[in-house]
Amino acid sequence: MVKNIKIVIGANFGDEGKGLFTDYICKQYISKTPIVIRDNGGCQSGHTVVRDEKRIVFSHFGSGSLLGVPTFLTSNFIINPIFFVDEWNKIYRLCPNLKVFVDANTRVSTPYDVLINQIKEIYRNQNAHGSTGKGIYETINRYEEVKQSYYLKDLYKLSYNEIKDYLLQISNYLYKKNKVYFEHNQNKEIESLIEIYNNNDLIDSYINDFIFMKDHIELTNYYEIVSKYETHIFEMSQGLLLDKESYLYMPHCTPSNTGSKNPLNNIINNLTDFNDVEIELIYVSRSYMTRHGAGEFFSECDMKDINKALKDLTNAPNRFQGNLRYGFFDAKETLRSIFSDYNYFIQALKRKVTLSICITHLNETSNNLIIGKNLYIEPESLFKYLFNKRYYSIGENNNKDIICLE
């Protein structure tokens with residue numbers, strides 16, 4: 001029976017260090033049967049863990065995988081067999097007893113969702129949304145519009161040929177819906193993607209990936225997870241400022257709930273008594289801010305204004321999101337987003353929980369928050385009386401580079 005719930009949430013635009021902290025908290029609770037729960041997003045959200053100077057990025061797997069902690073993908077997560085297989089092949093030798101549970105009602109992306117996403121983003125050119133190009137929004141939209149879209153449990157029941165017919169139906173539907181992007185097109189990148197879209201081998205390759213994925217996951221639901229694991233670590237994707245209800249930053253947001261809302265619903269709907277469960281909300285931020293893709297970024301600055309020697313080893317330039325953008329730590333906006341989410345959670349749960357913050361990348365900013373050009377503040381002076389626990393990360397080693405103050 002569950003005794004501890006930790007909810008790890010990005011406080012900004014993502015890329016805050018949630019993978020680092022999830023790995024850390026798994027280590028702290030390793031003797032208390034932990035499981036990492038990914039409760040939003042999909043393969044577009046990569047969380048990094050460092051071991052022996054190797055950087056491992058997790059998307060379909062929890063960031064506790066290197067410690068042998070199993071993963072549960074809820075129905076709020078969008079699974080993609082192609083990226084699942086690719087990621088499995090990269091990490092399975094590094095992760096002992098790699099175990100993945102998936103909710104039977106999970107939505108499943110197809111290659112056509114991904115390709116339509118990329119075609120549309122290239123077509124938009126200067127008006128690009130800032131998408132990751134992984135087809136997340138297209139998948140969500142298709143499930144809302146096409147009632148016969150199959151969930152994971154439905155695909156389990158189909159034969160090879162039935163899956164093939166289903167994919168052909170999706171291909172035809174998305175082509176008709178997005179016909180304008182296929183016709184009168186003179187962009188070579190789009191022409192290349194259309195060629196892939198029309199390649200008959202694409203379906204067979206996808207089905208083979210689906211079969212592999214099916215053989216390496218186990219269908220379940222959160223109610224069953226509750227009875228098996230003592231410590232539930234919700235590893236949320238992206239950040240509060242990208243939440244689908246974050247109207248200040250529309251339309252350049254993500255189509256999911258990035259804060260405590262999804263875990264809250266899982267807790268209320270599946271735990272008969274959670275009054276004795278230790279619950280902690282941990283909001284993660286760098287000592288400065290970053291953002292990928294298009295959209296407002298009120299504290300944006302040059303990278304050199306943070307640290308002239310700054311270098312992000314994970315976030316390489318992306319075809320659809322460009323270079324990582326940098327900004328000063330916006331204390332007002334960060335605290336606004338955190339307390340808005342926290343207050344929503346405790347009001348719905350009708351009890352208090354532990355409120356925590358984790359500041360990462362402090363080693364890059366001389367252990368300070370960079371709040372402006374040549375302006376900085378010591379984090380403890382800002383957070384000491386606002387948060388029950390403060391975690392400070394001065395590196396990427398989860399065993400010794402994070403300290404906790406209470």
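If you use full-length UniProt numbering, the sequence shown corresponds to residues 1 to 406, in order. For glycine and all other residues, C-beta sits at the position ideal for the given N, C-alpha and C.
(message) Helix, strand or coil, according to DSSP, for Thr139 in the structure here?
(response) helix
(request) Starting from Glu280, follow the beta strand (DSSP E) in both directions and report where the run begins and ends. (result) For Glu280, the uninterrupted beta strand (DSSP E) segment begins and ends at 278 to 286.
(message) Quick check on this structure: which residue in Arg142, Tyr166, Leu73, Glu364 has the alpha carbon closest to the alpha carbon of Leu310?
(response) Glu364
(request) Return the chain-ordered list of same chain residues with a C-beta closer than 7 Å to the C-beta of Ile377, the five sequence neighbours on each side being excluded. (result) Around Ile377: Asn368, Leu369, Ile371.
(request) Count the other C-beta atoms from every protein chain shown that fall within 10 angstroms of the C-beta of Pro251, then say buried if there are 16 or more, exposed otherwise. (result) exposed
(request) Return the bridge partner residues of His47 from the DSSP annotation. (result) Phe58
(message) Determine whether the beta carbon atoms of Phe234 and Ile5 lie at a separation below 9 Å.
(response) yes
(request) May I ask you to report which of helix, strand or coil DSSP gives Thr110? (result) coil
(request) Kindly give me the distance between the Cβ atoms of Tyr229 and Thr33, rounded to whole angstroms, as I take these residues to be in contact under 8 Å. (result) 5 Å
(message) Just to confirm the assignment: which complete alpha helix (DSSP H) runs, minimum length 4, are found wholly within the region 154 to 190?
(response) 160 to 177, 179 to 182
(request) Find the nearest neighbour of Lys214 within the set Ser356, Ser192, Lys157, Gly41, judged by alpha-carbon distance. (result) Residue nearest to Lys214 within the set Ser356, Ser192, Lys157, Gly41 is Lys157 (criterion: CA-CA distance).
(message) Let's test the definition: count the other Cβ atoms within 10 Å of the Cβ of Pro96 and tell me whether it reaches 16, buried, or not, exposed.
(response) So Pro96 ends up on the exposed side.
(request) State whether the region 17 to 31 contacts the region 276 to 292, with contact taken as three or more CB pairs (one from each stretch) at a distance under 8 Å. (result) With a cut-off of 8 Å, the region 276 to 292 and the region 17 to 31 count as touching, because enough Cβ pairs lie within range.
(request) Could you have a look at Glu300 and say whether DSSP puts it in helix, strand or coil? (result) DSSP, read as helix, strand or coil, puts Glu300 in strand.
(message) Between which two residues does the beta strand (DSSP E) holding Leu242 run?
(response) Per DSSP, Leu242 lies in no beta strand (DSSP E) segment and is marked neither H nor E.
(request) Rank Pro81, Ile82, Ser59 by C-alpha distance to the C-alpha of Thr71 and give the top, closest one. (result) Ser59
(message) Assuming Met236 is part of the beta strand (DSSP E), what are its boundary residues?
(response) Segment: none, Met236 is in no beta strand (DSSP E) and carries neither H nor E.
(message) By the three-class DSSP mapping on this structure, what secondary structure does Cys26 have?
(response) helix
(message) Just verifying my parser: in three-state terms, what is the DSSP assignment at Asn97?
(response) In the structure shown, Asn97 falls within a coil segment according to DSSP collapsed to helix, strand and coil.
(message) When you compare the region 130 to 145 with the region 204 to 214, are there three or more beta-carbon pairs, one atom per stretch, that lie closer than 8 Å?
(response) no
(message) Beta-carbon within less than 6 Å of Ile140's beta-carbon, same chain only, minus the 5 sequence neighbours each way: which residues are those?
(response) Pro255
(message) Under DSSP, the beta strand (DSSP E) around Pro34 begins and ends at which residues?
(response) 34 to 38
(message) Going by C-alpha to C-alpha distance, which of Val353, Lys373, Pro263, Ile268 sits closest to Asn307?
(response) Lys373
(request) Report the rounded CA-to-CA distance for His361 versus Asn12, giving the unit in angstroms. (result) Across the structure, His361 and Asn12 are spaced so that their CA atoms are roughly 14 Å apart.
(request) Between the Cα of Phe297 and those of Ile267, Asn185, Tyr249, Asn269, spot the shortest distance and give me the residue it belongs to. (result) Tyr249
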